[in-house]
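Put into structure tokens, the structure is as follows:
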């Protein structure tokens, strides 16, 4: 069964450093997403991406965050200057369709620890 | 804004018993989805029910949706130890984003 692949599985970074989280969505999916889950809290939407541009973003997704699809397969989330509160599990997801009818396929996540 | 909230927060049952988890949301939805998460792992899509559907089945899973009460339930029949996980509902309305609840942590004891 097709999978969404995320790397690395765990990243530790110093506060203020830039991090790039990588994802390979399912090849024939058209919509891509990033969500995060702070330990013990809800899974929160960050951003959706379709047709090479951001289609929706949450209040969390401020100027410190950016997403990119640099080639036909990778989808990345960059945090420019990490803060302690960015420590969380970050999930990439992809979907065949946007608003209706299709469940999402999530990756296994990247655990980001900011120290 | 939409908000999925599950109850109970934690549920412990014996193998073979049924497990029922409930979810409420606040605004109109296009669909509601249930996901499973094993400890420290990713989210696995279980089932999606559209706003015009009332009940849906998938194997041992049964999902109901009551849009008048803005609630949904997930029933797992004949539970197994391998069903031990956290279960989340996620509502999707007029936008692409999913709004997740806090989840129900299910423990199935052998």
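Residue numbers (the working numbering), protein chains in the order written: chain R, 63 to 177; chain X, 1477 to 1586. From the three backbone atoms N, C-alpha and C, an ideal C-beta is built for every residue, glycine too.
In three-state terms, what does DSSP make of residue i?
i              : result
residue 114/R  : coil
residue 125/R  : coil
residue 146/R  : helix
residue 1566/X : strand
residue 1542/X : strand
residue 1554/X : coil
residue 1478/X : With a pLDDT of 38 at residue 1478/X, under the threshold of 50, the modelled position of this residue cannot be trusted, and the question is left open.
residue 68/R   : strand
Taking Cβ to Cβ, would you say residue i is nearer than 7 Å to residue j?
i              : j              : result
residue 66/R   : residue 156/R  : yes
residue 1562/X : residue 1496/X : no
residue 1481/X : residue 1500/X : yes
residue 170/R  : residue 68/R   : yes
residue 1534/X : residue 1506/X : no
residue 105/R  : residue 146/R  : no
residue 1587/X : residue 1519/X : In the structure displayed, chain X extends from 1477 to 1586; residue 1587/X sits before or after that span and is not available.
residue 1585/X : residue 1490/X : yes
residue 1567/X : residue 1522/X : no
residue 1553/X : residue 1494/X : yes
residue 1583/X : residue 1488/X : yes
Whole-angstrom Cβ separation of residue i and residue j, contact assumed at under 8 Å?
i              : j              : result
residue 80/R   : residue 142/R  : 5 Å
residue 111/R  : residue 84/R   : No, residue 111/R and residue 84/R are not in contact; Cβ-Cβ is about 14 Å, not under 8 Å.
residue 118/R  : residue 1573/X : 6 Å
residue 78/R   : residue 138/R  : The Cβ separation is near 20 Å, so there is no contact.
residue 86/R   : residue 95/R   : Going by Cβ atoms, the distance from residue 86/R to residue 95/R rounds to 14 Å, so no, they are not a contact pair.
residue 1502/X : residue 1546/X : 7 Å
residue 93/R   : residue 159/R  : 7 Å
residue 1529/X : residue 1537/X : Not really, about 14 Å apart at Cβ, beyond 8 Å.
| said: So if I threshold CB-CB distances at 8 Å, which residues from the segment 82-105 of chain R count as touching chain X? | reply: 93, 95, 97, 103, 104 and 105
| Which residues, taken in chain order from the segment 1565-1577 of chain X, show a beta carbon closer than 9 Å to some beta carbon of chain R? | 1566, 1568, 1569, 1570, 1571, 1572, 1573, 1574, 1575, 1576 and 1577
| message | Please give me, in chain order, every unbroken run of the beta strand (DSSP E) with length at least 3 that falls completely inside the segment 1482-1518 of chain X. | response | 1486-1490, 1495-1500 and 1507-1513
| query | Using Cβ-Cβ distances below 7 Å, what residues of the segment 1498-1517 of chain X are close to chain R? | reply | 1506, 1507, 1509 and 1517
| task | Note down, in chain order, all residues in the segment 119-135 of chain R with a beta-carbon under 8 Å from any beta-carbon belonging to chain X. | result | 120
| Got a sec: which bits of the segment 135-158 of chain R sit with their beta carbon under 7 Å from any beta carbon on chain X, in order along the chain? | 153
| task | Would you list, in chain order, the members of the segment 1519-1552 of chain X that have their beta-carbon closer than 9 Å to a beta-carbon of chain R? | result | 1519, 1520, 1521, 1522, 1523, 1524 and 1526
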